[in-house]
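Asks:
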Amino acid sequence: MKLQNLHTHSIYCDGKNTLEEMCQRAIELSFDSIGFSRHANMFYDSPFVKPHLIPEYFEKAKEMKEKYGDRLDIFCGAEFDLYSTEDTDLYDYIITSVHYMDVDGEYVAFDRSADEVKNMVDKYFGGDGLKFVKKAYEESTKIGDFKTDIVGHFDLVTKHSETTGIFDENSKEYKALAIEALQAIAEKVRVFEINTGCVPRGYRSSPYLAPFIIEELKRLDCQVCITSDCHDKSYFDVSYNEAKERLISCGFKNIAILTKDGFKEEAII
Ligand SMILES: [Zn+2]
Ligand SMILES: [Zn+2]
8 MKLQNLHTHS IYCDGKNTLE EMCQRAIELS FDSIGFSRHA NMFYDSPFVK PHLIPEYFEK
68 AKEMKEKYGD RLDIFCGAEF DLYSTEDTDL YDYIITSVHY MDVDGEYVAF DRSADEVKNM
128 VDKYFGGDGL KFVKKAYEES TKIGDFKTDI VGHFDLVTKH SETTGIFDEN SKEYKALAIE
188 ALQAIAEKVR VFEINTGCVP RGYRSSPYLA PFIIEELKRL DCQVCITSDC HDKSYFDVSY
248 NEAKERLISC GFKNIAILTK DGFKEEAII
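With the sequence shown counted from 1, adding 7 to any position gets you the working numbering.
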């Protein structure tokens, strides 16, 4: 199977490694391609973004293409939020992810620790986990309003649902909210990622996306790619096999691989 990881963070945002270390790790693991996806700048302060390093990011990415391009296809992308302010045209591809919700004009983060998420649900949603989910999925339907190549960790709301029980991710009510948002986004964006990054960080026992979501993507004839949302090269290919098995069990025979000519379908084997 063609191996690609389009969701990687580096010292240019909140990752541990240089672009070169990431490329070398990808080559060691026999990956065919890599995409860098630093967190894009937002109009308010974010701890993840290092705007002063943007010029160096582009320079280094270019240098990596020249140095490793014969062994690895390299793409220079970014992970945008709904409230990012950068020019999407500067990048080879864009992942759009929702980490923040606009709650009555306040930008509320939910890609946070279990305690912070519990406190946020108490403060803004009266302790009702499903009200939080409803708001987060409503926000996520805006993804289709921006230039987006890949929808990032669509079911991020489940980051702590296994460990905190703030809502039941197997309930009919939860699944209906997820499916409604998924269908709205899929009208505009056709590629979603299976994101394994939550596993090594101990948040979840298995990757985003849940099987019922992948089955719905299949029904909607969308494409999927596998990424590890890598912040540390030690976990570059974490849970790729599990993700692959999940895709097969949900009916997918192909994955989407980004090429210089856009996404191509490749067999999962
Ligand atoms: Zn993210
Ligand atoms: Zn990320």
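Even glycine gets a Cβ: it sits at the ideal position worked out from N, Cα and C. Computed from a predicted model, the values in this text were never measured in an experiment.
Let's see if you can read the secondary structure: which residues bound the alpha helix (DSSP H) around C30?
Replies: Taking the first residue of the sequence shown as 1, we reach residue 30 at position 23. Its alpha helix (DSSP H) spans residues L26 to E35.
Asks: Does DSSP put K67 in a helix, a strand or coil?
Replies: Here residue 67 refers to the residue found at position 60 when the sequence shown is read from its first residue. Of the three classes helix, strand and coil, the one that applies to K67 here is helix, per DSSP.
Asks: Taking 5 Å as the limit, tell me which residues put their C-beta closer than that to any heavy atom of ligand 2, in chain order.
Replies: Answer in sequence order: E86 and D236.
Asks: Report all residues from its chain with a CB closer than 8 Å to the CB of K125; omit the five preceding and five following residues, and keep chain order.
Replies: Looking up residue 125 in the sequence shown gives position 118. Closer than 8 Å at Cβ, skipping near neighbours: H167, T171 and I173.
Asks: Quick one: residues in its chain with C-beta nearer than 7 Å to the C-beta of K67, no 5 flanking neighbours on either side, listed in chain order?
Replies: By 1-based counting over the sequence shown, the position of residue 67 is 60. Hits under 7 Å: L26.
Asks: DSSP has M108 in a bridge; who is on the other side?
Replies: If you number the sequence shown from 1, residue 108 lands on position 101. Paired residues: V115.
Asks: Cβ atoms of P214 and S246: under 9 Å apart, would you say?
Replies: Position 239 of the sequence shown, counted from the first residue, corresponds to residue 246. Position 207 of the sequence shown, counted from the first residue, corresponds to residue 214. Yes, Cβ-Cβ distance for S246 and P214 is below 9 Å.
Asks: Indicate the three-state DSSP secondary structure (helix, strand or coil) for Y215 in the structure shown.
Replies: Here residue 215 refers to the residue found at position 208 of the sequence shown. Residue state, collapsed to three classes: strand.
Asks: Is the Cβ-Cβ distance between I262 and Q230 less than 9 Å?
Replies: Residue 262 sits at position 255 when you count from the first residue of the sequence shown. Residue 230 sits at position 223 when you count from the first residue of the sequence shown. Closer than 9 Å, so yes.
Asks: Please classify T92: is it buried, with 16 or more other beta-carbons within 10 angstroms of its beta-carbon, or exposed?
Replies: The count along the sequence shown starts at 1 and reaches residue 92 at position 85. T92 is exposed by the Cβ-count criterion.
Asks: Looking at ligand 1, does it come within less than 8 Å of D129, judged from the CB to the closest heavy atom?
Replies: Counting from 1 along the sequence shown, the entry for residue 129 is found at position 122. Flag unset: Cβ of D129 not near ligand 1.
Asks: In the structure shown, what three-state DSSP assignment does M127 receive?
Replies: Residue mapping note: residue 127 aligns to position 120 of the sequence shown, counting from 1. Residue state, collapsed to three classes: helix.
Asks: Quick one: what's D80 bridged to in DSSP?
Replies: The residue you call residue 80 lines up with position 73 of the sequence shown. S40.
Asks: For the region 185-267, which segments carrying the alpha helix (DSSP H) assignment without a break, of at least 4 residues, lie completely within its bounds, in sequence order?
Replies: Qualifying alpha helix (DSSP H) stretches, in chain order: 218-226 and 247-256.
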